[in-house]
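Quick note: the sequence shown, position 43, residue 43 per the numbering used here, numbers continuous. Where a beta carbon is used, it is the ideal one built from N, C-alpha and C, also for glycine. The structure presented is a predicted model; accordingly, all values stated were derived computationally and were not measured.
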Amino acid sequence: NEIIDTYDDLEPDGWRGWVHRSGGPRHLHNIFEMGEPFERLIDHSSWVHHMGRFVGGDDGLFIDESFIDIRSRGGATRIHSGAHKRRIRTQFRFHNNQFRCGQINILLALNDIGDGDGATMAIPGSHKSNLLHPAFEDPKGTGSGHSLDRVEAAVQIQLDAGDAVFFVDCMAHGSSERTRPGERRVAIIRYGPHWGNDRYGYQPSPELIARLTPERRKIVQPLPPKMPPGVQWTNRRIDE
1 NEIIDTYDDL EPDGWRGWVH RSGGPRHLHN IFEMGEPFER LIDHSSWVHH
51 MGRFVGGDDG LFIDESFIDI RSRGGATRIH SGAHKRRIRT QFRFHNNQFR
101 CGQINILLAL NDIGDGDGAT MAIPGSHKSN LLHPAFEDPK GTGSGHSLDR
151 VEAAVQIQLD AGDAVFFVDC MAHGSSERTR PGERRVAIIR YGPHWGNDRY
201 GYQPSPELIA RLTPERRKIV QPLPPKMPPG VQWTNRRIDE
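So this is what it looks like as structure tokens:
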């Protein structure tokens, strides 16, 4: 949290090094560039083996999105995803006694998240459903245009600081509305198979790649750029 505080003055759509603040919700993207404490999250022992199991043990891993979500009073996330969309990127699949999930989300609480704090909400079992949940078609009647507080069958996931929850992305999810003062802070890391690509096109800096352990580098950049002999990949900013 102390590191995150140093980015408080970053304007929307602003950059600091290789860290970007989005122009809409208060998200800080490319968080492994924020320092060694965040690098440890890449292959954290609390979850990395679970990620390998559910993505598919022989398919390798890739992180296609990493960001800090900072939410103030009145903020919420609408209902989204759901298995009815059948997207390969976010799919849930179990075949021949092996999971093949397209995207597994880690949500790490950076402070306590209880009643009124804007907790994540999800609809259990929706990752296997072929039917569209009515909330997707009735935003005014259910509140799904803003939060999941009145969405039928949605459950709230309250966390203590340091708790992590993971779920397949095709489970319909969102959040409750934050009604209390202060901020909700979470780190979100999305894992998929090694052949994926970054959701928004963010790239790791050469410095990050150079200092990562081989195990972490293989997750952040499982397929290094393949180029002709004599060509060196630098990934430098244009203004450098």
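Residue i: which of the options sits nearest, CA to CA?
{"i": "residue 157", "options": "174, 150 and 101", "result": "174"}
{"i": "residue 288", "options": "117, 150, 2 and 61", "result": "In the structure as shown, the chain starts at 1 and stops at 240, and residue 288 therefore has no counterpart that could be examined."}
{"i": "residue 22", "options": "230, 225 and 202", "result": "202"}
{"i": "residue 136", "options": "215, 81 and 192", "result": "81"}
{"i": "residue 198", "options": "207, 186, 222 and 179", "result": "222"}
{"i": "residue 185", "options": "36, 65, 12 and 113", "result": "113"}
{"i": "residue 25", "options": "68, 48 and 49", "result": "68"}
{"i": "residue 154", "options": "172, 161 and 160", "result": "172"}
{"i": "residue 65", "options": "13, 200 and 159", "result": "200"}
{"i": "residue 70", "options": "5, 55 and 63", "result": "5"}
{"i": "residue 27", "options": "12, 38 and 37", "result": "12"}
First and last residue of the alpha helix (DSSP H) that includes residue i?
{"i": "residue 211", "result": "206-211"}
{"i": "residue 51", "result": "48-55"}
{"i": "residue 219", "result": "214-220"}
{"i": "residue 310", "result": "Only positions 1 to 240 of the chain appear in this structure, which leaves residue 310 out of reach."}
{"i": "residue 68", "result": "Note, residue 68: premise wrong, no alpha helix (DSSP H); beta strand (DSSP E) at 62-71."}
{"i": "residue 157", "result": "Counting along the chain, residue 157 falls outside any alpha helix (DSSP H), though it belongs to the beta strand (DSSP E) covering 155-157."}
Taking the beta strand (DSSP E) that residue i falls in, what are its first and last residues?
{"i": "residue 38", "result": "That residue, residue 38, is in no beta strand (DSSP E); its alpha helix (DSSP H) goes 36-39."}
{"i": "residue 3", "result": "Looking at the DSSP string, residue 3 is not in any beta strand (DSSP E); the run it does join, the alpha helix (DSSP H), is 2-5."}
{"i": "residue 113", "result": "First-last for residue 113: undefined, no H or E at that position."}
{"i": "residue 175", "result": "173-175"}
{"i": "residue 165", "result": "164-168"}
{"i": "residue 29", "result": "27-29"}
By Cβ distance, which residues of its chain are closer than 7 Å to residue i, with the 5 residues on each side in sequence left out?
{"i": "residue 105", "result": "166, 167, 169, 188 and 190"}
{"i": "residue 92", "result": "83, 101, 127, 128, 168 and 170"}
{"i": "residue 146", "result": "76, 78 and 177"}
{"i": "residue 35", "result": "3"}
{"i": "residue 231", "result": "none"}
{"i": "residue 133", "result": "82, 123, 126 and 172"}
Apart from the five residues on each side of it in sequence, which residues of its chain come closer than 6 Å, Cβ to Cβ, to residue i?
{"i": "residue 143", "result": "Summary for residue 143: the model assigns pLDDT 49, below 50, so the residue's position carries little reliability; its value from the coordinates is reported in the next sentence. Result list for residue 143: 149 and 150, in chain order."}
{"i": "residue 179", "result": "116"}
{"i": "residue 195", "result": "none"}
Look at the Cβ atom of residue i, then the Cβ atom of residue j, and state whether they are nearer than 9 Å.
{"i": "residue 89", "j": "residue 98", "result": "no"}
{"i": "residue 227", "j": "residue 176", "result": "no"}
{"i": "residue 163", "j": "residue 109", "result": "yes"}
{"i": "residue 192", "j": "residue 48", "result": "no"}
Does the ligand SAH have even one heavy atom less than 8 Å from the beta-carbon of residue i?
{"i": "residue 172", "result": "This structure does not include the ligand SAH; it has no bound ligands of any sort."}
In chain order, what residues of the same chain have a beta carbon less than 8 Å from the beta carbon of residue i, not counting five sequence neighbours either side?
{"i": "residue 205", "result": "17, 18, 33 and 235"}
{"i": "residue 57", "result": "98"}
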